[in-house]
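According to the numbering used here, the sequence shown is numbered sequentially starting from 219.
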Amino acid sequence: MNSEPRANRIAALFGIRYPIVSGGMVWCSGWRLAAAVSEAGGLGLIGSGSMTPDLLREQIHKCRAATDRPFGVNVPLVYRHAAGIMQVIVEERVPVVFTSAGSPRTWTARLHDAGCRVAHVVSSSKFALKCAEAGVDAVVAEGFEAGGHNGREETSTMVLVPQVRAAVDLPLLAAGGIATGEGMLAAFALGAEGVQMGTRFALTRESSASEEFKRLCTRLEEGDTMLALKKLSPTRLVRNGFYRLVAAAEARDASAEELLELIGTGRTRRGIFEGDTEEGELEIGQIVSLIRDLPSAGEVVQQTVSRYEEARARLRSL
Numbered sequence: 219m220n221s222e223p224r225a226n227r228i229a230a231l232f233g234i235r236y237p238i239v240s241g242g243m244v245w246c247s248g249w250r251l252a253a254a255v256s257e258a259g260g261l262g263l264i265g266s267g268s269m270t271p272d273l274l275r276e277q278i279h280k281c282r283a284a285t286d287r288p289f290g291v292n293v294p295l296v297y298r299h300a301a302g303i304m305q306v307i308v309e310e311r312v313p314v315v316f317t318s319a320g321s322p323r324t325w326t327a328r329l330h331d332a333g334c335r336v337a338h339v340v341s342s343s344k345f346a347l348k349c350a351e352a353g354v355d356a357v358v359a360e361g362f363e364a365g366g367h368n369g370r371e372e373t374s375t376m377v378l379v380p381q382v383r384a385a386v387d388l389p390l391l392a393a394g395g396i397a398t399g400e401g402m403l404a405a406f407a408l409g410a411e412g413v414q415m416g417t418r419f420a421l422t423r424e425s426s427a428s429e430e431f432k433r434l435c436t437r438l439e440e441g442d443t444m445l446a447l448k449k450l451s452p453t454r455l456v457r458n459g460f461y462r463l464v465a466a467a468e469a470r471d472a473s474a475e476e477l478l479e480l481i482g483t484g485r486t487r488r489g490i491f492e493g494d495t496e497e498g499e500l501e502i503g504q505i506v507s508l509i510r511d512l513p514s515a516g517e518v519v520q521q522t523v524s525r526y527e528e529a530r531a532r533l534r535s536l
């Protein structure tokens, strides 16, 4: 076997060449991004968390028309359309499902009956053990560097991955703060067998995010994202006008109800999809300060693999 990161349990489980998975991000991960990642040898995910069941079905059909390679759907289990989304997934025989924000017991058995491979996202080794008990096929250990909604533990990826690896023997993906081949190699050193990258794929040509959001993100520096909304669900946000409203409310110890009223409805669509970079809710990961370009998703996959190999070679020479 050569050193290319392909012959491992994640690649075998999902039937892909490289153990690289794109995040199933709301307003970013449509069929174009999923198909492009899958065509490049990774696993592309459609983010269903902002879709109706009918829209998801349309996205699945378009993805299948664009690639004959495996792809998947990401489902936040707390989403109000989750039951309808799952029905579409079962009917359409989607090969892979990534679940998050809920109990893996709820849908894993039914998805298995439909022939789906199931991965669940966790923020602690305790939840990883629950995944093993529920019979999931793989687990994603996501550190709090990640964009969007995070676990309450605020455990970093570098701490979380080895803890999850010690707790369970399931095929393991690392997520949160990974956007390069060097990051992938570091995750492998900690016990991961694959990586899930959200921010890096959100900032590609195929991402369905607005161009205004993408351009803003390529200008962000260290410290320009913060974890907020801890009374609701900890969420990593860009420091913009909306974030400053949230920070001010949290500084005066606003209640969860007040924060919900402040957010209102459609804030993430307004910011990420429609391009209101000042008043919209902008979710992106800490690693964004390392990103300055908007390549194709295929280029991201190839660059990640190449830089993984280069970093591995450098380490061998130390």
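Every residue gets a Cβ at the ideal spot worked out from N, C-alpha and C, and that includes glycine.
As the structure is a computational prediction, the values presented were derived from the model and not from experiment.
* To do: Let me know if L455 comes out buried or exposed under the rule of 16 or more other beta-carbons within 10 Å of its beta-carbon.
  => If you number the sequence shown from 1, residue 455 lands on position 237. L455 is classed as buried because its beta carbon has at least 16 other beta carbons within 10 Å across all chains shown.
* Asked: P294 bridges to which residues according to DSSP?
  -> Position 76 of the sequence shown holds residue 294. P294 is bridged to S318.
* Per DSSP, S240 forms a beta bridge with which residues? -> Numbered from its first residue, the sequence shown carries residue 240 at position 22. Beta-bridge pairing links S240 to M415.
* Using the C-alpha atoms, what's the distance from L536 back to T495? -> Here the question's residue 495 lines up with position 277 in the sequence shown. Here the question's residue 536 lines up with position 318 in the sequence shown. So the alpha carbons of these two residues sit roughly 44 Å apart.
* Asked: Who does T446 pair with in a DSSP beta bridge?
  -> For the purposes of this step, residue 446 is taken as residue 228 along the sequence shown, with counting starting at 1. It is worth fixing the name first, because residue 446 is Ala in this sequence and not Thr. DSSP, once it has assigned bridges, lists T453 as partnering A446.
* **Distance between beta carbons of G409 and V379, contact taken as under 8 Å** => The residue labelled residue 379 in the question sits at position 161 within the sequence shown. The residue labelled residue 409 in the question sits at position 191 within the sequence shown. Yes, V379 and G409 are in contact; Cβ-Cβ is about 6 Å, under 8 Å.
* To do: Take G395 as the anchor and find which of G493, E309, P389, R418 has the nearest alpha-carbon.
  => Walking along the sequence shown from the start, residue 395 turns up at place 177. The shortest Cα separation from G395 among G493, E309, P389, R418 belongs to R418.
* To do: Could you say which of V386, L251, A472 lies nearest to D355 if we only look at CA atoms?
  => Translated into the one-based positions of the sequence shown, residue 355 becomes position 137. The shortest C-alpha separation from D355 is found at V386.
* To do: State yes or no: is the C-beta of A337 within less than 8 Å of the C-beta of L391?
  => The residue labelled residue 337 in the question sits at position 119 within the sequence shown. The residue labelled residue 391 in the question sits at position 173 within the sequence shown. Yes, Cβ-Cβ distance for A337 and L391 is below 8 Å.
* Name the one or two DSSP bridge partners that G538 has. => Residue coverage of the chain in this structure runs from 219 to 536, which leaves residue 538 outside it and unanswerable.
* Would you report the Cα separation of R298 and L434, rounded to the nearest angstrom? -> One-based indexing of the sequence shown puts residue 298 at position 80. One-based indexing of the sequence shown puts residue 434 at position 216. So the alpha carbons of these two residues sit roughly 30 Å apart.
* Where does S221 sit, in a helix, a strand or coil, going by DSSP? -> Mapped onto the sequence shown, residue 221 falls at position 3. With a pLDDT of 47 at S221, under the threshold of 50, the modelled position of this residue cannot be trusted; read the value that follows with caution. S221: coil per DSSP, three-state reduction.
* Asked: Where does the unbroken alpha helix (DSSP H) through E475 begin, and where does it stop?
  -> As a first step, residue 475 is located in the sequence shown; it is residue number 257 there, counting from the start. From DSSP, the alpha helix (DSSP H) with E475 extends over 474 to 481.
* **Helix, strand or coil at A332 [DSSP, three-state]** => Walking along the sequence shown from the start, residue 332 turns up at place 114. DSSP places A332 in coil when its eight states are reduced to three.
* **Cβ-Cβ distance between Y236 and V518 below 8 Å** => Walking along the sequence shown from the start, residue 236 turns up at place 18. Walking along the sequence shown from the start, residue 518 turns up at place 300. Not closer than 8 Å, so no.
* **Start-end ranges of the beta strand (DSSP E) lying completely within the stretch 504 to 533, minimum 3 residues** => Qualifying beta strand (DSSP E) stretches: none in this window.
* Buried or exposed (CB count within 10 angstroms, at least 16 for buried), S221 -> Along the sequence shown, one-based indexing puts residue 221 at 3. Per-residue confidence for S221 stands at a pLDDT of 47, beneath the threshold of 50, marking its modelled position as unreliable; no derived number is given.
* To do: Put L347 into one of helix, strand or coil per three-state DSSP.
  => Looking up residue 347 in the sequence shown gives position 129. If DSSP states are grouped into helix, strand and coil, L347 belongs with the helices.
* Exposure label - G484; buried when at least 16 CB within 10 Å -> The sequence position of residue 484 within the sequence shown is 266, counting from 1. Exposed is the call here.
* How about V244 and G267: do their beta carbons lie closer than 8 Å? -> One-based indexing of the sequence shown puts residue 244 at position 26. One-based indexing of the sequence shown puts residue 267 at position 49. Yes, these two residues count as a Cβ contact at 8 Å.
* Asked: Taking the C-alpha atoms as reference points, what is the distance between Q521 and G503?
  -> To locate residue 521, count along the sequence shown from 1; it is residue 303. To locate residue 503, count along the sequence shown from 1; it is residue 285. So the alpha carbons of these two residues sit roughly 19 Å apart.
* **Limits of the unbroken beta strand (DSSP E) element including V357** => For this step, residue 357 is matched to residue 139 along the sequence shown. Its beta strand (DSSP E) spans residues 356 to 360.
* To do: Locate the beta strand (DSSP E) running through L408, then write down its first and last residues.
  => As a working note, residue 408 is residue 190 in the sequence shown. From DSSP, L408 is part of no beta strand (DSSP E); its letter is neither H nor E.
* To do: Would you identify the three-state DSSP class for V340, choosing helix, strand or coil?
  => Within the sequence shown, the letter at position 122 stands for residue 340. Strand at V340.
* Asked: Out of A474, V315, A284, A300, which has the shortest C-alpha to C-alpha gap to F232?
  -> One-based indexing of the sequence shown puts residue 232 at position 14. When C-alpha distances from F232 are compared across A474, V315, A284, A300, the shortest belongs to V315.
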